[in-house]
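If you use the UniProt record's numbering, the sequence shown corresponds to residues 1 to 334, in order.
Every residue, glycine too, gets a C-beta built ideally from N, C-alpha and C.
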Amino acid sequence: MQHRYLGNSGFKVSELTYGNWLTHARQVDNKEAIKTVKAALESGITSFDTADAYANLEAEPILGQALKNERRSGIEIFSKVYWPVADKKPNDHGLSRKHIMESIDGSLTRLGTDYLDLYQAHRYDYETPLEETMQAFADIVRAGKSLYIGVSEWTAEQINAGAKLAKELKFQLISNQPQYSMLWRVIEGEVIPTSKQNGMTQIVWSPLAQGVLTGKYLPGSPVPKDSRAGNTEAAVGGIEKYMSDDALTAIQKLKPLAQSLGLTMAQFGLAWVLANPNVSSAIVGASRPEQITDNVKAVGVEIPKEIMTQVDQILAGFIVSDPAETKSPPARLV
Numbered sequence: 001m002q003h004r005y006l007g008n009s010g011f012k013v014s015e016l017t018y019g020n021w022l023t024h025a026r027q028v029d030n031k032e033a034i035k036t037v038k039a040a041l042e043s044g045i046t047s048f049d050t051a052d053a054y055a056n057l058e059a060e061p062i063l064g065q066a067l068k069n070e071r072r073s074g075i076e077i078f079s080k081v082y083w084p085v086a087d088k089k090p091n092d093h094g095l096s097r098k099h100i101m102e103s104i105d106g107s108l109t110r111l112g113t114d115y116l117d118l119y120q121a122h123r124y125d126y127e128t129p130l131e132e133t134m135q136a137f138a139d140i141v142r143a144g145k146s147l148y149i150g151v152s153e154w155t156a157e158q159i160n161a162g163a164k165l166a167k168e169l170k171f172q173l174i175s176n177q178p179q180y181s182m183l184w185r186v187i188e189g190e191v192i193p194t195s196k197q198n199g200m201t202q203i204v205w206s207p208l209a210q211g212v213l214t215g216k217y218l219p220g221s222p223v224p225k226d227s228r229a230g231n232t233e234a235a236v237g238g239i240e241k242y243m244s245d246d247a248l249t250a251i252q253k254l255k256p257l258a259q260s261l262g263l264t265m266a267q268f269g270l271a272w273v274l275a276n277p278n279v280s281s282a283i284v285g286a287s288r289p290e291q292i293t294d295n296v297k298a299v300g301v302e303i304p305k306e307i308m309t310q311v312d313q314i315l316a317g318f319i320v321s322d323p324a325e326t327k328s329p330p331a332r333l334v
């Protein structure tokens with residue numbers, strides 16, 4: 001496993017981050033979840049991403065249980081705040097000072113740790129003054145509850161505004177967590193250039209486009225009911241855009257490129273996102289330990305320029321690149 005700096009900081013993260021969004025307390029039982037976390041650790045993964053909203057407060061405790069005997073200084077734990085959880089009372093949503101302060105204390109308790117390495121704004125809150133949000137994050141850093149602060153799915157304009165306020169408050173936004181893959185490239189036009197200007201890098205989610213880039217969905221074949229595409233709760237992040245026979249046919253044409261590098265389709269997709277110098281880490285989820293050990297083989301792979309060009313040519317017409325696709329809910333849900 002290799003590590004990269006996160007933003008313009010001295011903080012390093014593993015090139016693959018283990019995430020438990022759709023697995024812990026959902027798709028796998030606790031025993032298997034802990035086995036998968038152990039496989040990640042044995043594979044050299046040191047970074048772990050979760051959120052209070054994952055499985056409505058139930059995912060964080062499982063990750064905490066799996067990591068409880070690890071040397072705390074040897075791992076990096078990330079969580080997030082924004083979405084409503086629990087009973088969904090009026091203040092259980094957004095980025096108000098009240099919600100941020102109560103949420104981080106809850107996350108620390110559920111994860112069984114005294115501090116987070118990275119606390120992230122899970123979306124942008126249009127109903128709370130940004131000054132209030134950033135002051136709360138500054139106070140969290142000063143209290144030692146989180147060492148660093150990041151955001152997720154913020155637009156370039158929002159990143160600029162947040163980074164400016166953070167600087168005034170004597171701390172730094174160091175990361176953004178957006179969706180990014182061969183098929184979903186909406187951050188390339190505005191978010192990545194703006195992140196570079198502000199000393200931020202990306203921790204990307206859905207690097208395999210919700211599993212579509214593994215090649216497991218075949219044109220003309222029914223979608224398995226137990227798959228991401230067949231599960232209406234799990235099928236997010238634009239997966240429906242890629243499920244046409246034309247798109248799936250194009251994706252199958254990537255297989256010879258992957259094979260030419262000695263990679264599986266999944267490894268190829270991960271290596272592709274890691275080829276972007278502004279990407280510090282790609283989040284991978286897994287329901288079985290062997291999926292993790294397979295994914296790790298993507299680390300350190302260099303993809304020749306001619307193959308990168310061929311990817312663009314094969315997927316032309318199916319790539320989503322409109323910056324307007326980076327969005328947060330216009331209003332709170334509670």
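Using the DSSP secondary-structure output, state which residues sit across from residue i in a beta bridge.
i	result
G19	D49
E176	First, the residue type needs correcting, since residue 176 is Asn and not Glu in the sequence shown. DSSP, once it has assigned bridges, lists V151 and Q202 as partnering N176.
F137	DSSP, once it has assigned bridges, lists no residue as partnering F137.
S321	Its beta-bridge partners do not exist; DSSP assigns none.
V13	R4
S146	L116
Short check: CB of residue i to CB of residue j, under 8 Å?
i	j	result
E60	T50	yes
H122	K89	no
I187	V212	no
L116	G150	no
T128	A156	no
M243	K255	no
V13	S280	yes
F78	L108	no
V311	L16	no
W83	A39	no
Q252	G215	yes
G199	S321	no
Return the Cβ separation of residue i and residue j in integer angstroms, given the expectation that the two are a contact with Cβ distance under 8 Å.
i	j	result
T113	R72	7 Å
N20	I62	7 Å
S183	I307	A small fix is needed here, since residue 183 is Leu in this sequence, not Ser. Between I307 and L183 the Cβ distance is about 16 Å, and since that is not below 8 Å, they are no contact.
A282	V204	5 Å
Y126	F11	Not really, about 29 Å apart at Cβ, beyond 8 Å.
Q2	G300	6 Å
P178	T326	7 Å
A250	L169	Not a contact, Cβ separation roughly 46 Å.
L218	L248	6 Å
Q158	Y180	Between Y180 and Q158 the Cβ distance is about 17 Å, and since that is not below 8 Å, they are no contact.
N278	Q197	Not really, about 11 Å apart at Cβ, beyond 8 Å.
With DSSP as the reference, label residue i as helix, strand or coil.
i	result
E183	Residue identity check: residue 183 is Leu in the sequence provided, not Glu. L183: coil per DSSP, three-state reduction.
I77	strand
A25	Confidence at A25 is low in this model, with a pLDDT of 41, below 50, so the placement of that residue is unreliable and no value is reported for it.
S260	helix
K68	coil
S328	coil
G162	helix
S43	coil
L130	helix
E190	coil
P61	helix
Q210	coil
S195	helix
K216	coil
Please determine whether the Cβ atom of residue i lies at a distance below 7 Å from any heavy atom of the ligand HEM.
i	result
K88	Inclusion of the ligand HEM in the displayed structure is not the case, the ligand content being empty and no account of it being possible.
Entirely within the segment 82 to 123 and at least 3 residues each: give me those beta strand (DSSP E) ranges in chain order.
116 to 121
Enumerated in chain order, which unbroken segments of the alpha helix (DSSP H) with a length of 4 residues or greater are wholly contained in the segment 234 to 315?
245 to 252, 255 to 260, 265 to 274, 289 to 295 and 305 to 315
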